[in-house]
Each structure stands twice: as C-alpha cells, then as structure tokens.
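Read through the structure below, which is laid out as structure tokens, and then see the notes.
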Amino acid sequence: VYANGSTKLDQRLLVAPVPPVSDGVPVMKSGNEIVMDQSMRRETDPQPPADEWFDIFSNGLLKKKVLQPGGGTDSWPQVGQIVKISLITRLLNGTLVEELPEFWFTLGNKEVILALDVAVRLMGMGEKALIQTDGRYAYGLSGNLYPEIPSMANLSLEVKLLKAIDAPDLKLLSPTEKIALATCKKEQGNVQYRRGAYDYAIQKYDAAMEITQSISEDDISSEEENKLMELKVKCLNNMAASMMKLEQYDAALTCYSAVLIYQPENVKALLHTGKVLALHDKYSEAIQTLRKALELEPHNKTVQDELSTMMKKHREHEAAQQAMDEKMLENPSSTHKHQAKSAWGLSWKWLLGATVVAIGGIALSVAIYARK
C-alpha cells in the first residue's frame, strides 16, 4: 500500500505476481513489497558459472549473467542499505536508453524498478552483471517518459555494484542533518516526477515527510523551524501533484488539506483543492475556494481562468440538474428509481469517505503539529 492509501500504483512495477524462487521461498509479500529470505543468501545456494545466465525467478522473465566477478555472497548488500551502482539501460534490441556512471538508491524501498532492486541484492561488491528483464518487472504498462521507455518494454541492464553503506540512523542525526536529508529525498522525488514516474516520486516525498516528522520543534531554532515548514509544504504539494497525475484525487485532496493547515493562504493548494472539489461535482465549494485564492493573488491568470471555467461548469451542472428534476416531475414513475439510485450513491460515498479517513494520517499529523 502506497502513501496515497491505494494499490493502483502496483501496475507500474508489476502486471503479475512475482513467482517464488526455485526453493519455494517467496520473494513477494503484501502487494509488491520485496521480502528476501535469508535462504537466498546461503553460501550453499547453487550459483551458475560466470558466463551463464542465472534465472532469478525460475520463469525466464528475469535473468542475470556475471560479466566481471566481484566479492562473494558475504559481500551482497542488505535490504535497507544504500547502494551506489553504475547503470547502462538498453532496450533488448540494443537501443541505448540511459547511461548513469553513478546512481544511488536504497534497497527494498521501491525507489527503482523491481528487476534492478532484486538483481542488485544478488551481486557481490565490485561485480559487473548483465540483467535482462521482462517489462512486467521493469516499467510495466506505464512505460517511462524520460528517458523514453515504451509500455511493457523488455530491458537489458548493465550494472556494476560500486558501494553499499548503511542508511543513517535518524536518532543520531541533528535537526540540521535531518532537514538536509529530507531535502535530498524531496529533490529525488522531483527528479522522478519530471521523468513521469509519479509512484516513485510519491515514495520519495513520503520518505522526506517521515524524516521531517522525526524532528522535534523543541530542538530547532526559529530559522530551522521555518525551513522545516517550507519543506513539509513543498513535499505535500508535490505528493498531491503526483497523486493527481495518477488520478488518486481523494488522496491528493487530503494532502492539499494538510498544506492548508500549515499555510491557509497557500494559493497553489487552494487552486488544486478547487479542482479536486469540482471533480466531485462540489462546484459551490470549489468556487468559494478559488475565490479565496483570487483574493490572495488578484492578478494570477491561472486562478482567474480556472474560476471562470468552474463557474461555467457550475451553471451547466445546475441546468442539467434542473432539466432532470423537471423530467422526473413529468414522469412520476421514475421517482422511485431515482431515489433508489440516490440511496446507493450515498452508501458508496460513505465507503469512499472511510477510505479517505484511512488516508488521512498525514493530515492528522499535520494538525497535531499545528496545534502545538
């Protein structure tokens, strides 16, 4: 389950469950969360010769071949460690997609495609390997915007494991160091957002928010407190924007609401809140929200245009509603059907509301902070 409370994002990583490894120990648990059992790290595990393919999932869809041997299994990186690799990505026809001399990510944190996350865990320090993966363990149905990777494209990854370090212990970091680390996570999220990898971006923004929540306001200066506030607002705004791209509107609304708890006059949050409310046919609330944004920035053309469009849609919606009411008066027999439909709609909205409550942990933590 992702930060937005949804499992819809799973299709980006997978379109089928990850199968068990050859010894029957699952590497998949709770959706697409990878759980590598210690049996995959036994010295007695059979390893193919360096020039042969190792079928990781025993289904032919994810294979690894050693190009340059490295350390033994005792040097394999562990889940939770931060690894540095060099990475060359190609389509299976040889077309170069991307070349990264240095690339950092955290193992098991859903920061990269599944194929890369799993294969690197089976590499010794200094090892160079070639990985071939089916599209379902790469970018799935969504593909990738930048660099451009088609939907369900099979990939060839040339990887060298350069370094593995333990993730920093948040308890040992100063507030300044935590803010710097959270800022780094946010910037990584921005990179993923620009690439169109919105689900990965959400993971980064969520990680940044977790770091900020570990900072006590009693331990920071007023300057650090201002930086912390700005960082939280940016993370929440960016997380909401990612959720909007993935059409997770209720989760996005929760994030925007959290921003407005911190900063009631945040025009960006007000603008997008109005958009989401309109998607739920709550035009009166949407117009009221946009008018507040326009009061704050009277010359903001984006807000002006959105408000004008919203008011037009509101008139059209009211006209359609009036026409339907008049038609029902002309045909009383349809009244019962309409009432039945409305009752079902109410039930569905209650269910949706329960989902939003589950997502609302972010807003709750913000509210608690705001009351202090």
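Numbering (UniProt numbering), first residue to last: 1 to 372. Where is the CB? At the ideal position from N, CA and C, for every residue including glycine. Being a predicted model, the structure only gives us computed values, none of them experimental.
By the DSSP assignment, the alpha helix (DSSP H) with residue i in it spans what residues?
i, result
"I261", "Y249 to Y262"
"L67", "Counting along the chain, L67 falls outside any alpha helix (DSSP H), though it belongs to the beta strand (DSSP E) covering L62 to Q68."
Exposed or buried, which one is residue i when buried takes at least 16 other CB atoms within 10 Å?
i, result
"K171", "exposed"
"A167", "exposed"
"M324", "exposed"
"G80", "exposed"
"S174", "exposed"
"K64", "buried"
"G135", "buried"
For residue i, does the three-state DSSP call read helix, strand or coil?
i, result
"I165", "strand"
"P101", "strand"
"I113", "coil"
"D281", "coil"
"D305", "helix"
"S365", "Because the pLDDT at S365 is just 46, under 50, the model does not fix this residue reliably, and the value given afterwards should be weighed accordingly. It is helical."
"Q132", "strand"
"S242", "helix"
"V159", "strand"
"L271", "helix"
"T95", "coil"
"N59", "coil"
"N144", "strand"
At the level of alpha carbons, what is the spacing between residue i and residue j?
i, j, result
"K186", "K178", "12 Å"
"A138", "G70", "25 Å"
"V259", "L92", "44 Å"
"A241", "L107", "26 Å"
"I202", "Q78", "23 Å"
"H280", "L290", "15 Å"
"G124", "A208", "30 Å"
"C184", "S58", "37 Å"
"K160", "N237", "36 Å"
"Q321", "V276", "20 Å"
"Q304", "L294", "7 Å"
"E210", "K327", "53 Å"
Could one say the Cβ of residue i lies closer than 7 Å to chain B's Cβ atoms, at least one of them?
i, result
"M229", "The structure shown contains no chain B; it is built from a single protein chain."
Considering just the uninterrupted stretch of the beta strand (DSSP E) at residue i, what are its terminal residues?
i, result
"K84", "I82 to L91"
"W53", "W53 to D55"
Residue ranges of each alpha helix (DSSP H) within the region 190-233, 4 or longer: Here the runs fully enclosed are 198-213.
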